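Working notes for the structure below.
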Amino acid sequence: MGFVSGLKCRECGREYAVEPIYVCEFCFGPLEVVYDYQRIKKAISKKRIENRDENLWRYKELLPIDGEPQAGLYSGFTPLVKANNLAKELGVKELYIKDDTVAHPTFSFKDRVVAVALTKAKEFGFDTVACASTGNLAHSVSAQGAKAGFDRFIFIPASLEPSKIVSSQIFVPNLIAVDGNYDDVNRLCSEIANKYRWAFVNINIRPFYAEGSKTIGFEIAEQLGWKAPDNVVVPCASGSLLTKIWKAFKELKEVGILKEARTRVFAAQALGCNPIATAIKNDTDVIRPVKPDTIAKSLAIGNPADGYYAYKAVKESGGYGEDVTDEEIVEGMKMLARTEGIFAETAGGVTVAVTRKLIEQGYIGKNEVTVICVTGNGLKTKEALDGRMHEPKYIKPTLDSFEEVLQEIRKNQ
Amino acid sequence: MAVKVRIPTPLQRLTEGKAEVEGKPGKIIDLINDLDSRYPGLAERVSENGKIRRFVNIYVNEEDIRFLDGENTEVKDGDEVSIVPAIAGGRGI
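Just so you know, the protein sequences line up as chains F and P, in that order. Taking the working numbering, the leading residue of the first sequence gets 2, the next gets one more, and so forth. Taking the working numbering, the leading residue of the second sequence gets 685, the next gets one more, and so forth.
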C-alpha cells in the first residue's frame, strides 16, 4: 500500500481521487498529489533508506505509487561531485555538482520522472505511453517504455533535425512527426490524450510524473550527510523541477529526517528564454510569455506551466533568479568540463554560468554550501558547440612535426 | 452590435451549449458578472473575489488582459473576448 491519500487542486483546493487526471475541472488549476505524512513518518527512517539499493526508489514512500516500482529500477542516485576545482575558480569554499549527466538509462534527469510515470501508468492499467518532446523526455520514454513493455507513441515536430531523433529511434517507438511547431504538437497531444486511453507522461500522468523530480532533492540531502544545502541552483524550463527540489527538502523535514530545511532556491535561465528569471527580478507573479531564442533548447519554454509556482518557491526560500547569454552558456559548459571533467548539455552551461553570476553579485555567499544541478549529458547537444571549440593541432606522422607543435604549445602555456 | 465572447468547451454546459455569447461593453470583470446573471455559475468558474483565476486566460482581440489593464480592461462594441483555460501541461524541466 502506498501513502497517497488523493489529488488536490493547487489553486482552489478541491480534492479528487487518484486517477490519470491533471487539471481541476472547476477552476482549471493543476492537480497535485497529497500524501499522508503522518504514516510516512512512521514508515521511513534514514537507516531504512540507507540499507536500500542505490536508485531513486529508495525514497519510495515519498513517491506517488501504490505497489512496488515497475520501471526505472536502476535510475537515480547519481553522484554528488565535490567540485573543488570549480569552487576555486568561482571563489567559494564548498560547491557540489549534482551530476545527472550519467543518469540511467538515457543520461538526463528525465529518467527520474519517467520511472515514476511509467510505474504509475502500469498501476493505472495503461498499455500505451506517449509524450510530446523534442529531446530528453522522448529519449527516456522511448527507452524505459521499451524495457517496461509498453507500446510507445512519441510526437515530435516534423522539422526536427534527424540527428536529434536517433536517440529515440534506436528504441523503435511509434515516432509521429507532426507538420507544425512544438506548440502545435502539444495542442494535438492534449486532444489525443482526451480521445485515447493512453498514458501521456507529461499530460494526464503529470501530477505523478512531476513528483519524480523530488528524488534529486532527496539524494542531495542524503549525499550531504542528511543535510539540506544553503543554496541550490536549478535550471528552469516549465519551472516544475525547481518547485519539486524545494518540496523535497521540506518533505524530508516534515517526516522528521531533516532537522532544518532552509535552502535558498535559485532559478537559472537563458537570456533568450527567461520568463521566470524576469518575473523574479521584477518581483511580479505574472509570468510574461516570451518567444524562445537560445541554444539551451531543453529550457526553451516561453510560457512555463509552473512558472508561477517556481517564482513563489524562489521568493519564499529567499533565493533569486538570473539569466545568461548563449556565449556565457558555452563558457559555462567549457568551465565545468575544464575544471571538473563533466560534459553537460547546454542547460548545465546555463546553471554553471548563472551560479557564477550569483556569486559575483553576492546572492550566493563564499562560505556557504551550494549545489548546482546539472541535468543532462553534453553528448546530446553537441551541435550547440559547433564552431565554438578550439581546433586540434594537425601534424605529419613524424617526431619532428610533433615536437614543432609541442614547442608551440609549451610557449603558449 | 455587442461584445463577442468565446466560451471554451468545459464551460459551454453553463451557456446552453453555445460557443459564443454576447457580452456587455465596459470592464471585463463587469462583463463576466453580467454574463453570470444570464448563465449562472459562469463567474465563479472564471473568477474569484473579483479577480480572474490564475489558470484562466482572457484575451481581448488576441491580447492577454494581464498585459492590458487586467480585470479593469475596457471592452467596447465589436471587440472579441476569448476565455481560454490554461491547461497545465508542457514539457522540459
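C-beta atoms are modelled at their ideal positions from N, C-alpha and C, and glycine is treated no differently. Since the model is a prediction, treat every value here as computed from it, not as a measurement.
How should residue i be labelled, buried or exposed, when 16 other C-beta atoms within 10 angstroms of its C-beta is the threshold for buried?
i	result
GLU361 of chain F	exposed
ASN413 of chain F	exposed
GLU20 of chain F	exposed
ALA18 of chain F	exposed
LEU698 of chain P	buried
PRO398 of chain F	exposed
ALA703 of chain P	exposed
SER214 of chain F	buried
THR757 of chain P	buried
ALA122 of chain F	buried
ARG263 of chain F	exposed
SER160 of chain F	exposed
THR285 of chain F	exposed
PRO627 of chain P	Past the boundaries of the shown model lies residue 627 of chain P; chain P is included only from 685 to 777, so the question cannot be answered.
PHE751 of chain P	exposed
ASN417 of chain F	For chain F, the structure presents residues 2 to 414; residue 417 of chain F sits outside this window and is missing.
TYR197 of chain F	exposed
LYS47 of chain F	exposed
Do residue j and residue i count as a contact pair if the criterion is CB distance below 8 Å?
i	j	result
ARG11 of chain F	GLU26 of chain F	no
ILE330 of chain F	ILE296 of chain F	yes
VAL687 of chain P	LEU715 of chain P	yes
VAL5 of chain F	PRO65 of chain F	yes
ARG729 of chain P	CYS28 of chain F	yes
ALA300 of chain F	PRO236 of chain F	For the sequence presented, residue 300 of chain F should be read as Leu rather than Ala. Cβ atoms of LEU300 of chain F and PRO236 of chain F: closer than 8 Å.
VAL114 of chain F	ALA178 of chain F	no
ASN745 of chain P	ASP761 of chain P	no
VAL768 of chain P	PRO692 of chain P	yes
LEU272 of chain F	VAL325 of chain F	yes
ALA149 of chain F	CYS190 of chain F	no
GLY379 of chain F	PHE344 of chain F	yes
When you compare only the Cα positions, how much space is there between residue i and residue j?
i	j	result
LEU81 of chain F	ALA131 of chain F	31 Å
ILE50 of chain F	PRO694 of chain P	44 Å
THR352 of chain F	ASP54 of chain F	29 Å
SER169 of chain F	PRO163 of chain F	10 Å
PRO293 of chain F	ALA348 of chain F	14 Å
LYS9 of chain F	GLU392 of chain F	55 Å
THR382 of chain F	ASN304 of chain F	22 Å
ASN205 of chain F	LYS111 of chain F	17 Å
GLY774 of chain P	ALA306 of chain F	Since pLDDT at GLY774 of chain P reaches only 39, below the 50 mark, its modelled position is unreliable, and the value read off the structure follows with that caveat. Distance between the alpha carbons of GLY774 of chain P and ALA306 of chain F: 6 Å.
VAL406 of chain F	LYS298 of chain F	38 Å
HIS105 of chain F	ALA72 of chain F	11 Å
ILE777 of chain P	GLN270 of chain F	The pLDDT assigned to ILE777 of chain P is 45, lower than 50, so where the model puts this residue is not dependable; a value taken from the coordinates is nonetheless given after this. Roughly 11 Å separates the two Cα atoms.
GLY734 of chain P	ILE277 of chain F	26 Å
PHE78 of chain F	GLY342 of chain F	19 Å
GLU346 of chain F	VAL765 of chain P	42 Å
ALA268 of chain F	GLU323 of chain F	6 Å
SER402 of chain F	ILE396 of chain F	6 Å
ASP720 of chain P	ALA727 of chain P	5 Å
SER76 of chain F	VAL93 of chain F	31 Å
ALA772 of chain P	SER241 of chain F	Because the pLDDT of ALA772 of chain P is 45, which lies under 50, any placement of that residue in the model is unreliable, and the number read from its coordinates should be weighed accordingly. Answer to the nearest angstrom: the Cα atoms are 11 Å apart.
GLU755 of chain P	ARG289 of chain F	17 Å
ASN187 of chain F	THR135 of chain F	11 Å
GLU192 of chain F	ASP185 of chain F	11 Å
ASN275 of chain F	GLN408 of chain F	46 Å
PHE172 of chain F	GLY146 of chain F	9 Å
Check: Taking any Cβ of chain F, which residues in the stretch 709 to 726 of chain P have a Cβ under 8 Å from it, in chain order?
Finding: Residues: none.
Checklist line | Any 3 or more C-beta pairs closer than 8 Å across the stretch 255 to 262 of chain F and the stretch 346 to 360 of chain F | finding: No: the two stretches stay apart, fewer than three of their Cβ pairs being nearer than 8 Å.
Checklist line | Touch test, the stretch 36 to 45 of chain F against the stretch 193 to 210 of chain F, Cβ-Cβ under 8 Å, three pairs minimum | finding: Short answer: they don't touch.
Item checked: Three or more C-beta pairs below 8 Å linking the stretch 315 to 326 of chain F and the stretch 274 to 283 of chain F -> The stretch 315 to 326 of chain F, when compared against the stretch 274 to 283 of chain F, does touch it at the 8 Å Cβ threshold.
Margin query: Within 8 Å, do at least three Cβ pairs link the stretch 114 to 126 of chain F to the stretch 140 to 148 of chain F?
Written below: Touching, yes, given that three or more Cβ pairs across the two stretches are closer than 8 Å.
Notebook entry, point to check: Below 8 Å, can you find three or more Cβ-Cβ pairs linking the stretch 329 to 348 of chain F to the stretch 372 to 388 of chain F?
Noted result: Short answer: they touch.
Check: Is the stretch 236 to 256 of chain F close to the stretch 210 to 227 of chain F, with three or more CB pairs under 8 Å?
Finding: The stretch 210 to 227 of chain F and the stretch 236 to 256 of chain F touch, with three or more beta-carbon pairs separated by less than 8 Å.
Notebook entry, point to check: Do the stretch 150 to 167 of chain F and the stretch 90 to 101 of chain F meet, that is, are 3 or more Cβ pairs less than 8 Å apart?
Noted result: In short, these stretches do not touch, since the Cβ pair count stays below three.
Check: Residues in the stretch 366 to 384 of chain F with C-beta within 8 Å of chain P's C-beta atoms, listed in sequence order?
Finding: Residues passing the 8 Å Cβ filter: THR376.
Item checked: Interfacial residues, the stretch 728 to 751 of chain P to chain F, with Cβ spacing under 9 Å -> Residues of the stretch 728 to 751 of chain P with a C-beta atom less than 9 Å from some C-beta of chain F are GLU728, ARG729, VAL730, GLU732, ARG737, ARG738, PHE739, VAL740, ASP748, ARG750, PHE751, listed in chain order.
Checklist line | Contact set between the stretch 16 to 39 of chain F and chain P, restricted to residues whose Cβ is under 9 Å from the partner | finding: Shown in chain order are the members of the stretch 16 to 39 of chain F whose Cβ falls below 9 Å from a Cβ of chain P: TYR23, VAL24, CYS25, GLU26, PHE27, CYS28, PHE29, GLY30, PRO31, LEU32.
Next item on the list: Would you list, in chain order, the members of the stretch 105 to 131 of chain F that have their beta-carbon closer than 8 Å to a beta-carbon of chain P?
Entry: Cβ proximity to chain P below 8 Å picks out PHE110 from the stretch 105 to 131 of chain F.
Checklist line | Interface residues of the stretch 690 to 704 of chain P facing chain F [CB-CB below 8 Å] | finding: If the cut-off is 8 Å between Cβ atoms, the stretch 690 to 704 of chain P has PRO694 near chain F.
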